[in-house]
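A short worksheet on the structure shown next.
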Amino acid sequence: MEATASVQRKAERVFKYALLAPAVIWVIALTFFPILAAIHFSFANYVLGEGITGYVGFDNYIRVLTDGGFWYAIFITALFVGITIPIEACLGFTLAWIITIGLPAKSFFRPIFTAPLFTTEVAIGYLGVTLFTDQGGLVAALFNSLGIHIDWLSTAAGGLAAAMILDIWIWTPFIFLMSLAALSAISKEIYDAAMLEASSHWQVLRHVAIPLAWPVLTIAILLRVIEGLKSFGLPYALTSGGPGTSTQLFSIMADLTTIQFTDFGRGSAMGILYLILVSVVITFFFKQMRRRIE
Amino acid sequence: MAVVELDKVSKRYGDVVAVQDFNLTTSDGEFVVLVGPSGCGKTTTMRMIAGLELITQGSIKIGGRDVAGMIPRERDVAMVFQNYALFPHMNVFGNMAFGLRLRKLPKAQIENQVQRAAKILGIENLLNRKPKELSGGQRQRVALGRAIVREPQVFLMDEPLSNIDAKLRVEMRGEIIKLQRRLGVTTFYVTHDQVEAMSMGDRVVVMLDGRIQQVGTPRELYRKPTNRYVAGFIGSPAMNFVRAHVGEDGTVSAGDDFRLFPPGSVMEGVRKLGLAEVWVGVRPEHLKIRREGEPASKNVIRGTVEVVEPQGSTTLIQLNACGDLRVNALLEEQLEPAVGARLDLWVGDDAVYVFNPGTDERIQ
Amino acid sequence: MLIACAGAVWVIIPFLWAINNSLKTHADIFKPHAIIPFLQFTPTLDAWNFVLGDPQVLNCLFSSTLVSVGTTLLVLLIGTPAAYSLARFEFRRMKSRDITLWFLSQRVLPPVVVLVPFYILLAQLGLVDTWTGLILLYSTFNLAFCVVIMRDIFRDVSKEVEEAARIEGASLWQIFWMIALPLSLDGLIVTAFIVFAFSWNEALFASAVTSQHAATMPAFILASRSTRGVDFNFAAVNTILAIAPPVILSFFVQRYLARGLSFGAVKG
């Protein structure tokens, strides 16, 4: 009797592992080993055409850590992420809120609001060059007509600003969509009850909507941070790190080192260090996330 | 058609005991109702019969076969769920034919059986519709249709009528009974509604906290409850319970206005147990108003009327006796006392129940 | 309302600008005050003709399509069963929630770290500059999305319905195939779309790992920066070609998007 009951349990066990295994094996095979390989490289000296010519211990790491450019790149990346994401969060949430409380022509606005998320970053970055250029660029023209003169693409600050604006354009829809999901999960009755007590939409927003949507919002922000720290396509296409190396986000710098200078050793070390740095930051927030995702 | 035997069946989730020592043997074609409050273990028990939960201890036999290792499919049972659990992406025909198709029966036969079942339930014209196009009652019928089409050995019904509105519920109750009688399939029916239990079951199993409190026909449960829980659970409005002193003279009383004389055999039992206090139970429907000219009764309860609730052919009154003792009585309509009036109620000897305060068992 | 319109304008401007640029001659691009077509400059279809006639561009479009579709199919094939397993069953040593998070944590990895190892791996397999190679890589990155999204979707499939199927005699596999999947079509559409879009838009690996044969649109755009530094009108056409498919598709899957993109964070 007990034996046959466990046959049923065994069949279930086989089933659930069989379904899960391919995905797990795939991920392990295609990320675990490459990371190991990267670590391997980071301790080596790699010459194009010859492969690994020798091991240099922690040399690569030291060179990276003492390179001002490395820290600058991290700083720029942090700055980039630190400015764009809060703005994206506010804009995205606001737009979601507007739609939730009853914007007319929803089926017109919603697709439009989500569209930018699915554009190709490099294409937009490239387009950005023509938008921000002093010569005939739309944005430059707009600002000029307001009397504000900004050197968009010829200064670090301007370049970063331009990249940030475009990044916000592309990624706000992400927060927008998640906020929409969060807000529509709040039952209509709660809204109605709140509206009866509150004197304005703003109050409902502040005291009901935001607290209830907050968990999802934090996850959205976390996901954005994860992706944002890897930003490459947009800034690269827009400024390619220039002028000079002043707008070089981390991934641009790493890409330069690895692909264009083919210094695999140093590039790998850079990457590993960044991975560690990012992992620490993310793990801290991950703990928060664990509580929210069921 | 099959006999279902549950022998010392228990279910544990870690430290939590959901069902304890469940013993029951049905007769062939019997309609058994499992009734009790939420969490009493009735659904868990049924799911163990179905094979949706594994049995921790004990054994279940369907038609003589021990079903311990069998997956649901092999047990040849059919189940009707509280929320019908119809397959939303299939039409009614598909829903009903699902099990048959899985068994790879020939198309013509499937067609036949589904049509037959649909006819019995009066849903032939709905076969092409999808569940979301149907009303609650119609969905219920489809769920029933899906269950009967396979001609299983046992029907299991998990509160199938709780999501239906009251009026339709009474009608469906009758239909389910008729259906079951016609098909003669052993049926387990779970509900939390004691009225439903009493009106439908050949036998009723009252459960609490995972244990069977009593098994019996509705009549038996009504007339001879084994403990205070069953006595209070069965019958609506619920039985009145009063804490009373045992008197030397064979009475139980809670004051001058509440003095009753239980049957002699019962008081014998009380004396044997040496109890000074007992619980006394009287059903509201057994309390009567003493009319002019009627002989005085020994069992009298006196009090002031506090609440009067007309209920059509009956009137429910709440009496305040001996200060703060509240007693409910269900009277015939013609007698409608006024609020504040002093009233004498009497009850027959055999309608006085006495319970042991320590174990809550009825003393007989 | 005002905000919404402002938002809409904000969103649309770059699209319009791209269209604008694509209609300009090479010289017009950097001319100041060449903003309104017909009024301030004469639009021409020269750029369009040139680009659409370029076989390389057409090849890239084809590659992009092939790779994106291929990745989507592969990811759905591997990820969906895994998601179902995580949604329905419990595992002894780890909570399925943690396993899901583990999948998601794959996204933290900066692509740059694995760029070289992947390149070498592909080289050893002879898959550099092939569609297969890209599909392999992209599938790895996008598996996480499929698992996380579909897990959430599967958890919403009524357990009672699955139990009913079980009682009717369905095996575990049959329940997955005949009940859970059909009822999760919405989620599959979202997942497919998201994987498609992210594959289509990926630039870093595409440019690193492909050159002539299997280059995708983003790779092409990045490459053309150096070869055709200032032909922004051509670039604009490329831009439009590149962003059109996912954006247009996004209009069709609007209904499902919000639900799918909540990553399991929204309950109910």
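Protein chains in written order, with numbering that gives the first Met the number 0: chain A, 0 to 293; chain B, 0 to 363; chain C, 0 to 267. Where is the CB? At the ideal position from N, CA and C, for every residue including glycine. Quick caveat, the model's predicted, so the values are computed rather than measured.
Could you tell me the boundaries of the beta strand (DSSP E) in which residue i lies?
i: residue 78(B); result: 76 to 79
i: residue 325(B); result: 324 to 331
i: residue 9(B); result: 3 to 12
i: residue 206(B); result: 202 to 207
i: residue 343(B); result: 341 to 345
i: residue 352(B); result: 352 to 354
Determine the burial state of residue i: buried for a count of at least 16 other Cβ atoms within 10 Å of its Cβ, exposed for fewer.
i: residue 15(B); result: exposed
i: residue 108(C); result: buried
i: residue 195(B); result: buried
i: residue 2(A); result: Any answer about residue 2(A) is weak, because its pLDDT of 46 lies below 50 and its placement is not dependable; what the coordinates show is given next. Classification of residue 2(A): exposed, given that the 10 Å Cβ count is below 16.
i: residue 23(C); result: buried
i: residue 346(B); result: buried
i: residue 184(C); result: exposed
i: residue 159(B); result: buried
i: residue 59(C); result: buried
i: residue 60(A); result: buried
i: residue 172(B); result: buried
i: residue 349(B); result: exposed
i: residue 267(C); result: With a pLDDT of 38 at residue 267(C), under the threshold of 50, the predicted position of this residue should be treated as unreliable, though the coordinate-derived value follows. Exposed, by the Cβ-count rule.
i: residue 293(A); result: For residue 293(A), the pLDDT reaches just 45, beneath the cut-off of 50, and the residue's location in the model is therefore unreliable, leaving the point undetermined.
i: residue 0(A); result: With a pLDDT of 41 at residue 0(A), under the threshold of 50, the predicted position of this residue should be treated as unreliable, though the coordinate-derived value follows. It is exposed - the Cβ of residue 0(A) has fewer than 16 other Cβ atoms within 10 Å.
i: residue 255(B); result: exposed
i: residue 11(C); result: exposed
i: residue 172(C); result: exposed
Can you round the beta-carbon distance between residue i and residue j to whole angstroms, since I take them to be within the 8 Å contact cut?
i: residue 173(A); j: residue 116(A); result: 6 Å
i: residue 178(A); j: residue 92(A); result: 5 Å
i: residue 74(A); j: residue 264(A); result: In fact, because the Cβ distance is near 24 Å, the residues do not count as touching under 8 Å.
i: residue 185(B); j: residue 25(B); result: 6 Å
i: residue 272(B); j: residue 300(B); result: That pair is no contact at about 25 Å.
i: residue 230(B); j: residue 241(B); result: Incorrect: roughly 13 Å between the Cβ atoms, too far for contact.
Which two residues bound the contiguous alpha helix (DSSP H) that contains residue i?
i: residue 165(A); result: 155 to 184
i: residue 90(A); result: 67 to 99
i: residue 58(B); result: No alpha helix (DSSP H) holds residue 58(B); the beta strand (DSSP E) holding it covers 56 to 61.
i: residue 145(B); result: 135 to 147
i: residue 258(B); result: Per DSSP, residue 258(B) belongs to no alpha helix (DSSP H); it is in the beta strand (DSSP E), 257 to 259.
i: residue 45(C); result: 45 to 52
i: residue 154(B); result: From DSSP, residue 154(B) is part of no alpha helix (DSSP H) but of the beta strand (DSSP E) over 153 to 157.
i: residue 282(B); result: Taken as a continuous stretch (DSSP letters only), residue 282(B) belongs to no alpha helix (DSSP H), as it is neither H nor E.
i: residue 177(C); result: Run containing residue 177(C): none; DSSP gives neither H nor E here.
i: residue 240(C); result: 231 to 251
i: residue 215(A); result: 209 to 227
i: residue 179(B); result: 165 to 182
i: residue 151(C); result: 130 to 155
i: residue 18(C); result: 1 to 21
i: residue 366(B); result: Residue 366(B) lies beyond the stretch modelled for chain B, which goes from 0 to 363, so this question has no answer here.
i: residue 116(C); result: 110 to 124
Residues bridged to residue i by DSSP?
i: residue 199(C); result: BP columns for residue 199(C) are empty, so no partner.
i: residue 269(A); result: In the DSSP output, where bridge partners are listed per residue, residue 269(A) has none listed.
i: residue 244(B); result: 252(B) and 276(B)
i: residue 309(B); result: 314(B)
i: residue 43(A); result: 54(A)
i: residue 190(B); result: 34(B)
i: residue 213(B); result: 205(B)
i: residue 23(B); result: 5(B)
i: residue 360(B); result: 226(B)
i: residue 287(B); result: 345(B)
i: residue 300(B); result: 257(B) and 344(B)
i: residue 64(B); result: 61(B)
(message) Check whether the stretch 131 to 138 of chain C and the stretch 196 to 204 of chain C touch, using three or more Cβ-Cβ pairs below 8 Å as the test.
(response) yes
(request) Please confirm if the stretch 124 to 131 of chain A is in contact with the stretch 195 to 202 of chain A, defined as three or more CB-CB distances below 8 Å between the two stretches. (result) no
(message) Would you call the stretch 252 to 263 of chain A in contact with the stretch 113 to 123 of chain C, where contact means no fewer than 3 C-beta pairs closer than 8 Å?
(response) yes
(message) Closer than 8 Å is the cut-off here; do at least three beta carbon pairs connect the stretch 285 to 299 of chain B with the stretch 322 to 337 of chain B?
(response) yes
(message) Three or more C-beta pairs under 8 Å: does that hold for the stretch 275 to 282 of chain B against the stretch 4 to 12 of chain C?
(response) no
(request) Give a yes or no on contact between the stretch 0 to 20 of chain B and the stretch 53 to 64 of chain B, applying the rule of three or more CB pairs nearer than 8 Å. (result) With the cut-off at 8 Å, the stretch 0 to 20 of chain B and the stretch 53 to 64 of chain B touch.
(request) Evaluate contact between the stretch 184 to 196 of chain A and the stretch 141 to 152 of chain A, counting only Cβ atoms and requiring at least three cross-stretch pairs below 8 Å. (result) no
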